[in-house]
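Participant:
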Amino acid sequence: MATKRINLFLYLALACFLSIVIIFIADGYLGTYDTVYITAGEREEKVEPDFWLREDRTWSSGVDWGEKVKFKYEVDNRWFRTYSAEVAVSVWHSQEKVQDLVAQDIQVAPFDKERLEWVVDTEELMPAEITPEQAYNYTLIIKRGEVERKVVLYVNPSYPPKVPLPVR
Amino acid sequence: MKLEFILFGFGILFCLGGIGYLAAEYVKYLSEVGRLVSLLLVVAMFAFLGRYFEGLGW
């Protein structure tokens, strides 16, 4: 009887351990996760899925004037059913839409990944009245069904090279 | 030392190693409720293990 009672604690400890493993798998692994890759110049930034888990988080990235920024959006479907959603990407400034970049339906097979790519040309998006010496901001909004991701692009000003003064 | 105690030790170490790996990799993806429940289960697991070894006379 005493041995049975002692072994009961061992079984309870094992049950707690298995429960922890199940929680990590069900809550921490299973689901749909997205990763954003931003390539500006020679550097690539990777926005991990856990960054978006906190509410109202916005990623910020700086780019040079006239630079082309390459985006890669990866949807990782860690579930037993095919994941379908419409992905829409648009550029905004001061709460107004500037341009639609992507509007595409995706279907991700179970435990598979789907990747979308697009390029943002900062020079193309600039209003005519903005000169290269001025900084400018854009917000890139990625909508995947009900999920929304925001990336703020800070376009750094480009200063012309200083002309050396003539020697007298 | 009995072989079974050595095996128990290895088993416990591997379990802790497995939990440590899961914690490092996936805890950032857990919801707040999931983290709280996991923490409580970890405490309970060590408590039950302590009672088990206490019953063995350690």
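As they're listed, the protein sequences go chains A and B. Following this note's numbering, the numbering of the first sequence begins with 7 at its first residue and continues without gaps. Following this note's numbering, the numbering of the second sequence begins with 1070 at its first residue and continues without gaps. C-beta atoms are modelled at their ideal positions from N, C-alpha and C, and glycine is treated no differently.
1. Just confirm the distance between the C-beta atoms of A/Thr-45 and A/Glu-80, as a whole number of angstroms; I'd bet it's less than 8 Å.
2. Which whole-angstrom value is the C-beta distance of A/Asp-33 and B/Leu-1072, which I expect to be below 8 Å?
3. Tell me where the beta strand (DSSP E) around A/Glu-50 begins and ends.
4. Keeping to the same chain, check which residues put their C-beta closer than 7 Å to that of A/Ser-124; ignore five residues upstream and five downstream.
5. Using beta-carbon positions only, say whether A/Lys-156 and A/Thr-64 come within less than 8 Å of one another.
6. Of the residues that make up the region 30-46 of chain A, which ones have a beta carbon closer than 7 Å to any beta carbon in chain B?
7. Runs of 3 residues minimum, wholly inside the region 38-93 of chain A: which ones carry the beta strand (DSSP E) assignment?
8. Ends of the beta strand (DSSP E) at A/Leu-122?
9. Evaluate A/Gln-165 with the Cβ neighbour count: other Cβ atoms within 10 Å of its Cβ, from every protein chain shown; 16 or more gives buried, anything less gives exposed.
10. Determine the closest residue to A/Ser-90 out of A/Gly-47, A/Thr-9, A/Val-75 and A/Pro-116, with distance taken between C-alpha atoms.
11. So B/Ile-1075 contacts chain A; which residues on that side make the cut at Cβ distance below 8 Å?
12. Within 10 Å of its beta-carbon, does A/Ile-29 have 16 or more other beta-carbons around it, so buried, or fewer, so exposed?
13. A/Ala-141 and B/Phe-1117 look like a contact to me (Cβ under 8 Å); what is the Cβ gap, rounded to whole Å?
Facilitator: Taking the coordinates as given:
1. The Cβ separation is near 13 Å, so there is no contact.
2. About 38 Å separates the two Cβ atoms, so there is no contact after all.
3. First-last of the beta strand (DSSP E) with A/Glu-50: 49-53.
4. Here the sequence assigns Trp to residue 124 of chain A, which means Ser is not the residue at that position. Its chain contains Phe-77, Val-95, Leu-107 and Val-108 as the residues whose beta carbon lies nearer than 7 Å to that of A/Trp-124, once the 5 sequence neighbours on both sides are disregarded; these appear in chain order.
5. In this structure, A/Thr-64 lies closer than 8 Å to A/Lys-156 by Cβ.
6. Of all residues in the region 30-46 of chain A, Phe-30, Asp-33, Gly-34 and Tyr-35 have a Cβ within less than 7 Å of some Cβ in chain B.
7. Entirely contained in the region 38-93 of chain A, the beta strand (DSSP E) runs reaching 3 residues are, in chain order, 49-53, 64-70 and 74-84.
8. For A/Leu-122, the enclosing beta strand (DSSP E) has its first and last residue at 118-127.
9. The residue asked about is misnamed: residue 165 of chain A is Tyr in this sequence, not Gln. Per the 10 Å Cβ criterion, exposed.
10. The shortest C-alpha separation from A/Ser-90 is found at A/Pro-116.
11. The contacting residues do not exist; B/Ile-1075 stays about 17 Å from chain A at best.
12. A/Ile-29 should be labelled buried.
13. Contact flag wrong, Cβ pair sits at about 60 Å.
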